[in-house]
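I have placed the structure first, in the form of structure tokens, so that the comments after it can refer back to it.
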Amino acid sequence: MTTLTDPPKESFRLSMLINDTRYRSLTFQAIAAIALALAIFYLGNNLIQNLRAAGLNISYDFLGDPAGYDINQRLIEYDSQSSHARAALVGVLNTLLVAFLACVTATIFGVIAGVLRLSNNWIVSKLMAIYVEIFRNIPVLIWIIIIFTIMTAVMPGPREFRGDNATSSMVFDLFAFTNRGVYVPMPFFENGLFGNAVLNWVVVLAVAIGSWFATRAVNARATETQAQTGVRPNTLWINLAIWLVPFIALMFIMGLAWEVPELKGFNFKGGIKVGGPLIALWFALSIYTGAFIAENVRAGIQAVSKGQTEAASALGLRPNKVMNLVVLPQALRVIIPPLISQYLNITKNSSLAIAVGYADITATLGGITLNQTGRAIECVLLLMLFYLTASLLISMAMNVYNASVKLKER
Amino acid sequence: MKKSVFFGALTVAGLAAGAAAAGTLDDVKARGKLNCGVTTGLVGFAAPDANGEWMGFDVGVCRAVAAAVLGDPKAVEFVPTTGKTRFTALASGEIDMLARNTTWTFSRDVDLKFTFVGVNYYDGQGFMVPKELGVSSAKELDGATVCIQTGTTTELNLADFFRSNNISYEPVPIETNAEAQQQYLAGACDVYTTDASGLAATRATFEDPSAHVLLPEIISKEPLGPLVRHGDDNWGDVVRWSLNALITAEELGVTSANIGEMAAGTNNPEVNRLLGTEGNLGEMLGLDAGWAKAAIMAGGNYGELFEGNIGESTPIGLARGLNAQWTNGGLIYSPPFR
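If you read the protein sequences in the order shown, they are chains H and B.
Here the first sequence is numbered in our numbering, starting from 37 and rising by one per residue.
Here the second sequence is numbered in our numbering, starting from 764 and rising by one per residue.
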């Protein structure tokens, strides 16, 4: 009679690292990790040795020194005596500004073009196809330069607005379109509640947010009433009043006035100047990325089963309601993930600003500061850190949004 | 197997690092070609002509060095650099020397670790405006839009000038001279500022140069000269004394026309030392005895280079001014050849 005994406990042998499938993958990963670490160490060591041989070092002290140069577009206080760090901050804000503006307009262009490309109207759909194919297949740098060159060449210079027989004039005496940018009237408060202009605008913002919450409450009440009685009360007038009455009252109290741009000396003075480089960069990034987003939108719409459209139409919904209520909500789950990468592309492509003299982070920190201080490695590391952080933050925010709208499966 | 490849790569990298330290002069001789950094195009100083041949005052320095080292003024690879890329190109070894109207400043010399070998043009920053603006002084430029080549000393001088005069301006940063010219002519900026010589060179290419005026203010000192990397003194000497040979040649009356007979021997010992018929100056530099003769023959002496490229008989029309020989009241002065 045989007895069942436990098999002898296998002891660990070194050869098992290679021969045993349980350990083999770990072995190779460890080897790869060590090789990578060695390579990074070798490159870093090489850099440090070469720097030392050239008598250079890595130091971020220059960030505190006066920058010495001026920047044409700044969202915060800055002059040539400010530090390099502040110049970098001005650049960061300019990058974020153009990236934000371009993301908004690119989405608008993209959604419109993507929906229209599927239109039953032959001319409309072919026009959109031409737009998408042309803009998608030519590098964005070329578009930026084309638009900027056309703007500077076609638009009149400020000196053409001058004199009795000026060849150009302001639109409605309010807007000036020049080759240096567009000047628009700027609102300001003659007797604001606070001395500080920013605080006054915070008040306006607070009132707007208050109105938004109020209308939300009104609409929730209306939905509740509808659920109980089956009749939805008309909330249009109430909502309009909630938005307009406090706003108009506030404007009246604070004394809203407009500062109209005026030709003084060499340039237009007063009002808000939207610089030519910003417009060129913004517009070029928008139409270029808009073409990609249009393809994402088209793909998303086509991914929704045709039966959904037919069923919605069978219920008697009109085509625009079918699109807004049935197709687009389902298409979003396909559209949003690639949309995230398009937003990242816009942010990264905004570094092409240097081509038109827009003072983004690449132009200030990675351009003038780098060149004036000669601190190439430090500046490029900071640039990488900024773009990495910005991209990860955008990605995170969009992923949170994606999670909130994606199809809930139970 | 993998191991040996890795260590092989290490060895190659080590050898390459060793070779880089061996000396630029040997590198250039071994390569048979001088890599010389120049501007992306500034007529008179460095720009390709209709045949694609690089011509100009700075180009002349490159050709003189190539002739001195390799005996052939054509053995030059011209590398166009912008204000922003020039120092990286030099520091990384992409070019052997930079002859690109670059201002000799403390921080470039000391902090960026370059060696300026001399000055081939004494310049200063000026302003150009269209005549129709009716501006006669830079102090009237309050509120003007100014085109400025980014990453240059002029950018910093400009900020200082407007700040100290308590007037404001709006900078339009641009990369190259060609771009600046286009923006300025389109009226996207009221003023173009750079070194006065550059303004004169740029204005000469305009359709109607007389419609533009250079304002009288010169707001900075801009000594422009060739430079090399720090730490290779032997190569620095070669470039320095090639430039000095051109300057001395003018002082001593050695021209490309009479150099043939002068090289046969004269009764001026300095000429003889310069042209290699006496002494062994060439050998000390690690070059042939005829190095300076070759450098001068490449494009003529300093004065000939000046007159041929940027002088009053050319469209650029610059007077010698500060750039006259010290014997004529200028600043151009070479240490003696002895």
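All residues carry an ideal CB built from backbone N, CA and C; glycine is no exception.
Just so we're clear, the structure is a prediction, and the values are computed from it rather than from any experiment.
Taken atom to atom, the span from the alpha-carbon of TYR1065 (chain B) to that of ILE308 (chain H) is near 53 Å. Inclusion of ILE858 (chain B) and VAL882 (chain B) in the CB contact set at 7 Å is not warranted, their separation being larger than that value.
Under the DSSP assignment, TRP294 (chain H) falls in the beta strand (DSSP E) whose first and last residues are 292 to 295.
The beta carbons of ASP396 (chain H) and GLY127 (chain H) sit about 5 Å from each other, so the pair counts as a contact at 8 Å. If you ignore the 5 residues before and after GLY1039 (chain B), its C-beta comes within less than 8 Å of the C-beta of ALA1026, GLY1045, ASP1051, ALA1052, GLY1053, TRP1054, ALA1055, LYS1056, all in its own chain and listed in chain order.
The straight-line gap separating the alpha-carbon atoms of TYR1096 (chain B) and ASP115 (chain H) is approximately 40 Å. Looking at the DSSP output, LYS847 (chain B) sits in no beta bridge, so it has no partner there. Taking the Cα positions, LEU92 (chain H) is about 8 Å away from ASN86 (chain H). Close CB contacts of GLU938 (chain B) within its chain, under the 6 Å cut and outside five residues either way in sequence, are with THR845 (chain order). Relative to the Cα of LYS984 (chain B), the nearest Cα in the group B:TYR884, B:ASP996, B:ASP995, B:LEU990 belongs to B:TYR884.
Within chain B, THR913, GLY914, GLU918, PRO936 have C-beta atoms less than 8 Å from the C-beta of ILE404 (chain H), given in sequence order.
For LYS442 (chain H), the closest of H:ALA367, H:MET432, H:ALA412 by C-alpha to C-alpha distance is H:ALA367. Rounded to whole angstroms, the separation of the alpha carbons of GLU840 (chain B) and CYS799 (chain B) is 6 Å. Cβ proximity to chain H below 9 Å picks out PHE850, THR851, ALA854, SER870, ARG871, ASP874, LEU875, LYS876 from the stretch 850 to 876 of chain B. Assigned with DSSP and collapsed to three states, ASN798 (chain B) falls in strand. Any Cβ of chain B closer than 7 Å to the Cβ of ALA90 (chain H) would place that residue at the interface, and such an atom is present.
The alpha-carbon of THR57 (chain H) is positioned some 13 Å away from that of ARG49 (chain H). No Cβ of chain B is located within less than 7 Å of the beta carbon of ARG411 (chain H).
The Cβ of SER116 (chain H) sits closer than 7 Å to at least one Cβ of chain B.
Within 10 angstroms of the beta-carbon of ARG88 (chain H) lie fewer than 16 other beta-carbons, which makes it exposed.
Inter-residue distance for ALA433 (chain H) and ARG966 (chain B) is about 52 Å (C-alpha atoms, whole angstroms). The beta-bridge partner set that DSSP reports for PRO192 (chain H) is empty. Not a single CB atom of chain H sits nearer than 7 Å to the CB of ALA901 (chain B). Taking a contact to require three or more Cβ pairs closer than 8 Å, the stretch 804 to 815 of chain B and the stretch 849 to 868 of chain B qualify as touching.
Here MET860 (chain B) carries a strand assignment [DSSP, helix/strand/coil]. Think of a sphere of 9 Å around the beta carbon of ARG216 (chain H): the chain B residues whose beta carbon falls inside it are THR908, GLU933, VAL935, GLY950, ALA951, CYS952, in chain order. Three or more beta-carbon pairs drawn from the stretch 963 to 981 of chain B and the stretch 937 to 953 of chain B are found closer than 8 Å, and the two stretches are therefore classed as touching.
Between ILE930 (chain B) and ASP905 (chain B), the C-beta gap is smaller than 7 Å, which places the two residues in contact.
Here the C-alpha atom of THR271 (chain H) lies approximately 15 Å from the C-alpha atom of VAL281 (chain H). When the five nearest sequence neighbours on each side are left out, the beta carbons in the same chain lying within less than 7 Å of the beta carbon of TRP998 (chain B) are those of GLY786, THR787, LEU788, VAL991, in order along the chain.
For ALA922 (chain B), the nearest beta carbon of chain H is closer than 7 Å to its own beta carbon. If you ignore the 5 residues before and after LEU896 (chain B), its C-beta comes within less than 7 Å of the C-beta of ASP953, all in its own chain and listed in chain order. Within chain H, GLY301, PHE302 have C-beta atoms less than 9 Å from the C-beta of ASP905 (chain B), given in sequence order. When the alpha-carbon of LEU210 (chain H) is set against those of H:ILE54, H:ASN55, H:GLU295, H:LEU235, the nearest one is in H:GLU295. Note: CYS825 (chain B) is not bridge-paired with any residue in the DSSP secondary-structure output.
In the DSSP annotation of this structure, the continuous segment of the alpha helix (DSSP H) that includes HIS120 (chain H) starts and ends at 120 to 153.
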